[in-house]
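A.B. asks: Quick note: the sequence shown, position 88, residue 88 per UniProt numbering, numbers continuous. The beta carbon of each residue, even a glycine, is placed where N, CA and C say it ideally should be.
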Amino acid sequence: MTLSRRAAIALVLLSALGFGSMALFAKVAYASGLSPSMLLTLRFVLAAAMLAPWVWLKRVPLPRGRALAGFALMGALYTAQSQSYFTALMHASSGLVGLLLYVYPVLVTLLAVALGREALDRRTVALLALALAGMTVMLGGDLQGTPLGIALGLAAAGIYAVYITIGGGITRGTDPLAATLVVMASAALGNGAIAFAGGAALPADATTWLAVLAIAMASLVAIACFLVGIQYIGASQTSIISTLEPVITLCLGIGLLGETASAGQLAGGVMVLAAVVMLARKPAPQTDSPRECAQAAT
1 MTLSRRAAIA
11 LVLLSALGFG
21 SMALFAKVAY
31 ASGLSPSMLL
41 TLRFVLAAAM
51 LAPWVWLKRV
61 PLPRGRALAG
71 FALMGALYTA
81 QSQSYFTALM
91 HASSGLVGLL
101 LYVYPVLVTL
111 LAVALGREAL
121 DRRTVALLAL
131 ALAGMTVMLG
141 GDLQGTPLGI
151 ALGLAAAGIY
161 AVYITIGGGI
171 TRGTDPLAAT
181 LVVMASAALG
191 NGAIAFAGGA
201 ALPADATTWL
211 AVLAIAMASL
221 VAIACFLVGI
231 QYIGASQTSI
241 ISTLEPVITL
251 CLGIGLLGET
261 ASAGQLAGGV
271 MVLAAVVMLA
281 RKPAPQTDSP
291 RECAQAAT
């Protein structure tokens with residue numbers, strides 16, 4: 001199958017819609033009394049169950065040895081990240097949480113500088129300053145969220161940054177779908193342990209089950225479309241287009257959930273996203289596999 005550039009871009013936009021809509025479905029599930037831990041358990045169990053037959057039919061080799069252990073560790077980190085993000089949605093608007101999560105590319109850059117993988121040149125300093133200023137503006141206005149929700153949103157971004165940094169060292173040579181399956185299975189076990197230890201109950205009505213199923217399906221569609229986008233237009237361009245994810249989350253929250261966004265939140269979010277886009281456009285000496293891996297497991 002051969003796709004045109006426009007078709008590939010359309011698929012990446014569909015991927016952004018899938019990732020960006022998950023917060024909306026989570027809000028619907030929470031309204032029915034479902035806990036974040038059970039929501040995440042079902043999300044990863046269903047997603048892994050849908051992905052496993054595809055990996056088996058394609059005879060994609062699963063990682064082994066140290067690589068398998070590394071992806072299992074990434075699943076544990078993703079459990080912590082997901083718990084932070086989806087719990088934050090209970091204490092803040094979906095738009096604010098989406099914007100806070102997208103601080104992670106800035107944190108990845110800071111980690112790369114700290115580990116000596118990237119030089120701290122003037123351009124990087126300026127973009128980091130722009131992102132910090134955007135965060136200051138965004139968090140200094142009238143926010144639709146509690147301090148706990150904001151803290152959890154930032155924690156999700158921080159854990160995600162560590163997850164991506166670790167993933168950058170073990171993703172080479174492994175099929176992304178196989179890696180995604182291991183991460184999802186590990187995350188299903190981790191979230192399941194938390195859910196059942198806390199006595200979380202299964203969904204009690206069809207609406208909640210539909211919301212959970214929508215999250216699982218949105219995850220797989222978003223992953224598949226993102227990977228196709230990488231294949232046809234490259235990881236960097238795909239990453240840049242994917243900065244629309246928090247914008248989609250914000251718009252869906254306002255249009256469908258009746259959430260509001262202050263002028264400060266919008267202005268600060270634009271500043272952060274601008275910094276993210278320009279950081280993504282910076283030529284890198286190595287491949288973009290960390291970002292690829294991260295989006296594959298989002």
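Is the stretch 65 to 76 close to the stretch 203 to 218, with three or more CB pairs under 8 Å?
C.D. replies: Because the criterion of three Cβ pairs below 8 Å is not met, the stretch 65 to 76 and the stretch 203 to 218 do not touch.
A.B. asks: Between Ala178 and the rest of its own chain, which residues show a CB-CB distance below 7 Å, the 5 nearest in sequence each way excluded?
C.D. replies: As a working note, residue 178 is residue 178 in the sequence shown. For Ala178, where only same-chain residues beyond five positions count, the Cβ hits under 7 Å are Val55, Val60, Pro61, Leu62 and Pro63.
A.B. asks: How long is the line joining the alpha carbons of Pro203 and Gly134, rounded to whole angstroms?
C.D. replies: Numbered from 1 along the sequence shown, position 203 holds the residue referred to as residue 203. Numbered from 1 along the sequence shown, position 134 holds the residue referred to as residue 134. Using only the alpha carbons, I get a separation of about 39 Å.
A.B. asks: So does the stretch 6 to 19 actually touch the stretch 155 to 165, counting three or more Cβ pairs closer than 8 Å?
C.D. replies: Result no; under three Cβ-Cβ pairs closer than 8 Å.
A.B. asks: Quick one, are the C-beta atoms of Gly149 and Thr79 less than 8 Å apart?
C.D. replies: Taking the first residue of the sequence shown as 1, we reach residue 149 at position 149. Taking the first residue of the sequence shown as 1, we reach residue 79 at position 79. Not in contact: Gly149 and Thr79 (Cβ atoms no closer than 8 Å).
A.B. asks: Can you name, in chain order, every residue of its own chain whose Cβ lies under 8 Å from the Cβ of Leu128, other than the five neighbours on each side?
C.D. replies: Along the sequence shown, read from residue 1 onward, the residue named residue 128 stands at position 128. Cβ within range, chain order: Val106, Thr109, Leu110 and Ala275.
A.B. asks: Do you know whose CA, among Ala31, Leu40, Ala16 and Val28, lies nearest residue 347's CA?
C.D. replies: The structure shown does not extend to residue 347, since the chain spans only 1 to 298, so no value can be given for it.
A.B. asks: Would you tell me roughly how many angstroms separate the C-alpha atoms of Lys58 and Ile233, rounded to the nearest one?
C.D. replies: Here residue 58 is taken as the residue at index 58 of the sequence shown, counted from 1. Here residue 233 is taken as the residue at index 233 of the sequence shown, counted from 1. Each residue's Cα considered, the two are about 23 Å apart.
A.B. asks: Would you say Val277 and Thr249 are within 8 Å of each other, going by their C-beta atoms?
C.D. replies: Here the question's residue 277 lines up with position 277 in the sequence shown. Here the question's residue 249 lines up with position 249 in the sequence shown. No, the Cβ-Cβ distance between Val277 and Thr249 is not below 8 Å.
A.B. asks: Leaving aside the five residues before and after Gly158 along the sequence, list all residues of the same chain whose C-beta is less than 7 Å from its C-beta, in chain order.
C.D. replies: Taking the first residue of the sequence shown as position 1, residue 158 is located at position 158. Leu107, listed in sequence order.
A.B. asks: Arg291 by DSSP, collapsed to three states: which one?
C.D. replies: As a working note, residue 291 is residue 291 in the sequence shown. Residue confidence is low: Arg291 scores 42 on pLDDT, short of 50, so the model does not pin down where it sits. Its coordinate-derived value is still stated next. DSSP places Arg291 in helix when its eight states are reduced to three.
A.B. asks: Measure the CB-CB distance between Ala156 and Gly18 and report whether it falls below 8 Å.
C.D. replies: For the purposes of this step, residue 156 is taken as residue 156 along the sequence shown, with counting starting at 1. For the purposes of this step, residue 18 is taken as residue 18 along the sequence shown, with counting starting at 1. No.
A.B. asks: When the distance is taken between beta carbons, is Ala48 closer than 8 Å to Ala188?
C.D. replies: The sequence position of residue 188 within the sequence shown is 188, counting from 1. The sequence position of residue 48 within the sequence shown is 48, counting from 1. Yes, the Cβ-Cβ distance between Ala188 and Ala48 is below 8 Å.
A.B. asks: Answer yes or no: do Gly95 and Glu245 have a C-beta to C-beta separation smaller than 8 Å?
C.D. replies: Within the sequence shown, numbered from 1, the residue matching residue 95 stands at position 95. Within the sequence shown, numbered from 1, the residue matching residue 245 stands at position 245. Cβ distance not < 8 Å, so Gly95 and Glu245 don't count as in contact.
A.B. asks: So, Gly192 versus Met74, is the Cβ gap smaller than 8 Å?
C.D. replies: Indexing the sequence shown from 1 puts residue 192 at position 192. Indexing the sequence shown from 1 puts residue 74 at position 74. No.
A.B. asks: Thinking just about the alpha-carbon of each residue, which of Leu77, Met22, Met38 and Ala26 is nearest to the one in Gly199?
C.D. replies: Translated into the one-based positions of the sequence shown, residue 199 becomes position 199. When each option's Cα is compared against that of Gly199, the closest is Met38.
A.B. asks: What residues in its chain sit with their C-beta under 6 Å from that of Leu154, if we drop five residues either side in the sequence?
C.D. replies: Stepping through the sequence shown from its first residue, residue 154 is reached at position 154. Excluding positions up to five away in sequence, the list reads Leu100.
A.B. asks: Using the Cβ count rule (16 or more neighbours within 10 Å means buried), how would you classify residue 384?
C.D. replies: Here the chain comprises residues numbered 1 to 298, so residue 384 is not present and cannot be evaluated.
A.B. asks: Measure the C-alpha to C-alpha separation of Ala92 and Leu3 and round it to an integer number of angstroms.
C.D. replies: Taking the sequence shown and counting its residues from 1, the one referred to as residue 92 is at position 92. Taking the sequence shown and counting its residues from 1, the one referred to as residue 3 is at position 3. Going from the Cα of Ala92 to the Cα of Leu3 covers about 39 Å.
A.B. asks: Please check the pair residue 309 and Leu252, which I expect to be a contact at CB under 8 Å, by giving their CB distance rounded to whole angstroms.
C.D. replies: In the structure as shown, the chain begins at 1 and stops at 298. Residue 309 is therefore absent and cannot be evaluated.
A.B. asks: Is the separation between the beta-carbon of Leu273 and that of Tyr102 shorter than 8 Å?
C.D. replies: Here residue 273 refers to the residue found at position 273 when the sequence shown is read from its first residue. Here residue 102 refers to the residue found at position 102 when the sequence shown is read from its first residue. In contact: Leu273 and Tyr102 (Cβ atoms closer than 8 Å).
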